[in-house]
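Colleague:
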Amino acid sequence: MSAPLQLWILRALWLALPFTLLDALLVATDGAQGSTRVAVQCLFWALWASALVVSLTPLPSTLTALRMLLPMAPAAALCALVVGPAGTLGWLGMLAGALAAILAMSAATGDWFVDGASYGDERRFCLRAPVALLLGPIELAWLLAVVPLPTGILLFTEQIYLAAVPLILLGIATAWWGPFALWRLARRWVVFVPAGITLVDDMAIAEPVLFPRRAVTRIGPAHVATEATDLTVGAPGLVLEVDLSGPIDLAPAPRRGEPTEAVAVDSVLIVPSRPGTLLAHAETRGLVVVRD
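6 is the number of the first residue of the sequence shown in this note's numbering; add one for each residue after it.
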């Protein structure tokens, strides 16, 4: 299966940054010390090369890296434009970086990357992140992961050691913690296998559960006033219901300080990132799909 068109567009936009964004950064640091300008260029090339390699390596872990690295480009461009006028190339760099970051966040990109870890007759689809994480915690984790370390390095080159050293120490810690925290979101998926449908979501269930193909009687939009077991963890979007012919045991994800016990379910609710694409694939697997 070839990469989606938007991923190729993302790569093309990223390839343009050395000719646009880098110029804006150099103009913005024109009056800075030589060591600062060198540091800015080193940070740019490290970011650019890392993100390019990541975009060519579709895996769940690299999806996290992609979504952390690419937004740094428009953020850097914005900082450069605030410091001083960067001209047309600077604005083009911010636009290219912003578009690349938006494409990196898309559901199609997410599905492509998580499916990169599939093997054999297997197809993976992302689950949407909970609203509670989308409205603040994810953005905060990103800021803590990517801002302190490069900021500290630049302050160090300007010999502002009192602020630089604490930021560098903080950045070393958060540069590890942030990606690890967000990596969990890239490891939540629905997996179609020859034996049926496997749900992998440690935010909703303690361990992956297989719904055997012969037991799946229907998959489609949730019934009105359904009593199915809610495994959506508060994610926004179209809720799909998987109906089963009989009860299957699953263990809900344990709450902090509380033990978990297996419960029997005969239907569950999930929120995939691309419900239409998931249902279309379910039909190719011979499953009963109801779209209304």
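We put the beta carbon where it would ideally sit given N, CA and C, even for glycine.
Here the structure is a predicted model, which means the values were calculated and not measured.
(1) What residue from Glu-246, Gly-239, Arg-290 has the CA that sits closest to Ala-230's CA?
(2) When you compare the CB of Tyr-166 with every CB in chain B, is at least one pair closer than 8 Å?
(3) Looking at Leu-190 and Thr-234, is the spacing between their C-beta atoms short of 8 Å?
(4) So who's on the other strand from Ile-275, going by DSSP bridges?
(5) Would you mind sorting Gly-4 into buried or exposed? The rule is 16 or more other CB atoms within 10 Å of its CB.
(6) Taking the straight line between their C-alpha atoms, what separation do you get for Val-87 and Glu-144?
(7) Starting from Phe-216 and walking both ways along the alpha helix (DSSP H), at which residues does that stretch end?
(8) With a floor of 4 residues, list each alpha helix (DSSP H) that falls wholly inside the stretch 139-201, ordered by position along the chain.
(9) Which residues in the same chain have their Cβ closer than 6 Å to the Cβ of Ala-122, if we skip the five residues on either side of it in sequence?
(10) In angstroms with no decimal places, state the Cα-to-Cα distance between Leu-48 and Ala-209.
(11) Just how far apart, CA to CA, sit Ile-331 and Asp-297?
(12) Could you pull out every residue in the same chain whose Cβ sits closer than 6 Å to the Cβ of Ala-21, ignoring the five residues on either side in sequence?
(13) Where does Ser-111 sit, in a helix, a strand or coil, going by DSSP?
(14) Going straight from the alpha carbon of Gln-38 to that of Ala-82, what length do you get?
(15) In its own chain, which residues sit with a C-beta less than 8 Å from the C-beta of Leu-236, not counting the 5 before and 5 after it?
(16) Is DSSP giving Leu-15 helix, strand or coil here?
(17) Relative to the alpha-carbon of Ala-150, which residue among Ala-220, Arg-193, Arg-279, Gly-176 has its alpha-carbon at the smallest distance?
(18) Does the pairing of the stretch 256-267 with the stretch 104-119 give three or more beta-carbon distances under 8 Å?
(19) Is the separation between the beta-carbon of His-286 and that of Phe-197 shorter than 8 Å?
(20) When DSSP labels each residue in this structure, what does Asp-207 get in the three-state scheme?
(21) Along the chain, where does the alpha helix (DSSP H) that runs through Pro-79 open and close?
(22) Around the C-beta of Leu-140, are 16 or more other C-beta atoms found within 10 angstroms, so that it is buried, or is it exposed?
(23) Starting from Thr-222, follow the beta strand (DSSP E) in both directions and report where the run begins and ends.
(24) By Cβ distance below 8 Å, which residues in the same chain neighbour Arg-128 in space, the five residues on each side in sequence not counted?
(25) Considering only their Cβ atoms, is the gap separating Gly-115 from Leu-68 smaller than 8 Å?
(26) Could you have a look at Pro-257 and say whether DSSP puts it in helix, strand or coil?
(27) Is the distance from the Cβ of Leu-97 to the Cβ of Thr-25 below 8 Å?
(28) Excluding the five sequence neighbours on either side, which residues of its own chain have a C-beta within less than 7 Å of the C-beta of Pro-217, listed in chain order?
(29) If you reduce the DSSP assignment to three classes, tell me which class Ala-103 lands in.
(30) Leaving out the 5 sequence neighbours to the left and right, which residues in its chain are closer than 7 Å to Ser-55 when beta-carbon positions are compared?
Modeller: From the atom records:
(1) Residue mapping note: residue 230 aligns to position 225 of the sequence shown, counting from 1. Proximity to Ala-230 across Glu-246, Gly-239, Arg-290 peaks at Glu-246, based on C-alpha coordinates.
(2) In the structure shown, chain B cannot be found, because there is only a single protein chain.
(3) As a position in the sequence shown, residue 234 is number 229, starting the count at 1. As a position in the sequence shown, residue 190 is number 185, starting the count at 1. No; because the gap between Cβ atoms is not below 8 Å, this pair is not in contact.
(4) The residue you call residue 275 lines up with position 270 of the sequence shown. Its beta-bridge partners are Leu-245.
(5) Past the boundaries of the shown model lies residue 4; the chain is included only from 6 to 297, so the question cannot be answered.
(6) The sequence position of residue 87 within the sequence shown is 82, counting from 1. The sequence position of residue 144 within the sequence shown is 139, counting from 1. Taking the straight line from one Cα to the other gives about 21 Å.
(7) The residue labelled residue 216 in the question sits at position 211 within the sequence shown. Taken as a continuous stretch (DSSP letters only), Phe-216 belongs to no alpha helix (DSSP H), being part of the beta strand (DSSP E) at 214-217.
(8) List check, alpha helix (DSSP H) in window: 142-151, 153-162, 166-188.
(9) Residue 122 sits at position 117 when you count from the first residue of the sequence shown. Within the same chain, and ignoring the five residues on either side of Ala-122 in sequence, the residues whose Cβ sits closer than 6 Å to its Cβ are Leu-64, Pro-65.
(10) Locating residue 48 in the sequence shown gives position 43, where the first residue counts as 1. Locating residue 209 in the sequence shown gives position 204, where the first residue counts as 1. Taking the straight line joining both Cα atoms gives about 38 Å.
(11) In the structure as shown, the chain starts at 6 and stops at 297, and residue 331 therefore has no counterpart that could be examined.
(12) Taking the sequence shown and counting its residues from 1, one reaches residue 21 at position 16. Taken in chain order, the residues that qualify are Ala-101.
(13) As a working note, residue 111 is residue 106 in the sequence shown. Three-state result, Ser-111: coil.
(14) Working through the sequence shown from its first residue, we reach residue 38 at position 33. Working through the sequence shown from its first residue, we reach residue 82 at position 77. Taking the straight line from one Cα to the other gives about 20 Å.
(15) If you number the sequence shown from 1, residue 236 lands on position 231. Leu-204, Asp-206, Ala-209, Ile-210, Val-273, Leu-274, Ile-275, listed in sequence order.
(16) Counting from one through the sequence shown, the residue named residue 15 turns up at place 10. When DSSP states are grouped into helix, strand and coil, Leu-15 belongs to the helix group.
(17) By 1-based counting over the sequence shown, the position of residue 150 is 145. Residue Gly-176 is the option with its Cα nearest to Ala-150.
(18) In short, these stretches do not touch, since the Cβ pair count stays below three.
(19) As a first step, residue 286 must be located in the sequence shown, where it is residue number 281. As a first step, residue 197 must be located in the sequence shown, where it is residue number 192. The answer is yes: Cβ separation under 8 Å.
(20) Within the sequence shown, the letter at position 202 stands for residue 207. Coil, per DSSP.
(21) Start at 1 with the first residue of the sequence shown, and residue 79 comes out as number 74. Where Pro-79 is concerned, the enclosing alpha helix (DSSP H) starts and stops at 77-88.
(22) For the purposes of this step, residue 140 is taken as residue 135 along the sequence shown, with counting starting at 1. By the 10 Å Cβ count, Leu-140 comes out exposed.
(23) In the sequence shown, counting from the first residue as 1, residue 222 sits at position 217. Here the beta strand (DSSP E) through Thr-222 covers 221-226.
(24) Along the sequence shown, one-based indexing puts residue 128 at 123. For Arg-128, where only same-chain residues beyond five positions count, the Cβ hits under 8 Å are Asp-120, Val-196, Phe-197, His-286.
(25) Indexing the sequence shown from 1 puts residue 68 at position 63. Indexing the sequence shown from 1 puts residue 115 at position 110. Yes, they are a contact pair.
(26) Taking the sequence shown and counting its residues from 1, the one referred to as residue 257 is at position 252. Correct three-state label for Pro-257: strand.
(27) Here residue 97 refers to the residue found at position 92 when the sequence shown is read from its first residue. Here residue 25 refers to the residue found at position 20 when the sequence shown is read from its first residue. For Leu-97 and Thr-25, yes; Cβs fall inside 8 Å.
(28) Position 212 of the sequence shown, counted from the first residue, corresponds to residue 217. If we look at Pro-217 and ignore the five residues flanking it on each side, its Cβ neighbours are Ala-200, Gly-201.
(29) For the purposes of this step, residue 103 is taken as residue 98 along the sequence shown, with counting starting at 1. Here Ala-103 sits in helix by DSSP.
(30) Your numbering for residue 55 matches position 50 in the sequence shown. Correct list, in chain order: Leu-74.
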